[in-house]
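Engineer: If you read the sequence shown in the UniProt record's numbering, its first letter stands for residue 1, the second for the next number, and so on. Backbone N, C-alpha and C define an ideal beta-carbon position, used for all residues, glycine too. My questions will all concern the structure given below.
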Amino acid sequence: MALEVASQGDAVLAIAATHALSFSFFPQWIVDHAPHEAINLKSDSLTACEQMMRHGEASFLLSHHHPLMTTTLDTKDFIRVEVGQDLLVPICRPNDAGEPRWTLEQDDVPYLAYSLESGLGRILAADWASRELEPRLTVVLQSRLAAALLSMAIDGRGVAWVPQSLAASALAAGRIVYAAPQAYCTSVSITLVRPAGALSKVSETLWSAVAERTRPAVSVDRGQ
């Protein structure tokens, strides 16, 4: 496992980020923490981003996280801190009266679901199982991209659970509405992960800036 990345692209910050956060969170976050640095942003699914980290292809991973989610990076070889918070919310297109086109009280609600490689899908599955939530859903489409599910929900294809940070503008514009009460929302953290070993000077500078204003994230250390 190539965890030592200090010699790779010393003057460039190599950051892996999941698709949703690449659009909704990363731009302002990186301006706040490293406004003058050269950035190589690698946006992909959580599974692919985890692989980049294990192979030393990125110095950091920015992703959504939940204490119950299984991840290959919660070991002694990596360090995780919380840099923000978000909420996975059930949304759908409104009807002509401005009410949700579907509600979870109905049977066979068309469900715009995450595919297996999606971290958000893993989070939802873990949270629903822990709280014994079993909404009556019928999968009509799967994607690893929250943005794709949001777009399909806006088009009226079904109900999707997407990060509130990503859906905020569409909610404010009335293009989508909440499809279920607060009990069906899932609180998530936004975390930054780095290898435990030494990084390049520019990467360590970013980490120091982040660590000054953050806290360790809650996760399960599997000691691998």
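Roughly how many whole angstroms lie between the Cα atoms of ALA11 and ALA170?
Structural biologist: When rounded, the distance between both Cα atoms is 38 Å.
Engineer: What are the boundary residues of the alpha helix (DSSP H) that includes ALA20?
Structural biologist: From DSSP, the alpha helix (DSSP H) with ALA20 extends over 19 to 24.
Engineer: Do HIS19 and LEU150 have their C-beta atoms closer together than 8 Å?
Structural biologist: No; because the gap between Cβ atoms is not below 8 Å, this pair is not in contact.
Engineer: Identify the continuous beta strand (DSSP E) that holds ILE176 and give its terminal residues.
Structural biologist: Per DSSP, ILE176 belongs to no beta strand (DSSP E) and is neither H nor E.
Engineer: Three-state secondary structure (DSSP) at ARG131?
Structural biologist: Note: ARG131 maps to helix in three-state DSSP.
Engineer: Could you say which of ILE176, ALA198, THR186, TRP161 lies nearest to ARG101 if we only look at CA atoms?
Structural biologist: When only C-alpha atoms are compared, the closest one is ILE176.
Engineer: Could you tell me whether the segment 150 to 166 touches the segment 44 to 60, where touching means 3 or more Cβ pairs closer than 8 Å?
Structural biologist: Judged by Cβ distances under 8 Å, the segment 150 to 166 makes no contact with the segment 44 to 60, as fewer than three pairs qualify.
Engineer: GLY84 to PRO110, Cα distance in whole Å?
Structural biologist: One C-alpha to the other measures close to 31 Å.
Engineer: Closest to ALA198 by CA distance: which of SER165, ASP86, PHE78 is it?
Structural biologist: Selected option, being the one with the closest Cα: PHE78.
Engineer: Mark residue 299 as exposed unless 16 or more other C-beta atoms lie within 10 angstroms of its C-beta, in which case mark it buried.
Structural biologist: Only positions 1 to 224 of the chain appear in the structure, and residue 299 is not among them; the question remains open.
Engineer: For ASP44, which of helix, strand or coil comes out of DSSP?
Structural biologist: Note: ASP44 maps to strand in three-state DSSP.
Engineer: Say whether chain B places a C-beta atom closer than 8 Å to the C-beta of HIS65.
Structural biologist: Annotation note: the requested chain B is absent from the structure, which comprises a single protein chain.
Engineer: My parser needs the alpha helix (DSSP H) runs of 4 or more residues fully inside the segment 102 to 152; what are they?
Structural biologist: If we require 4 residues or more, the alpha helix (DSSP H) runs fully inside the segment 102 to 152 come out as 119 to 131.
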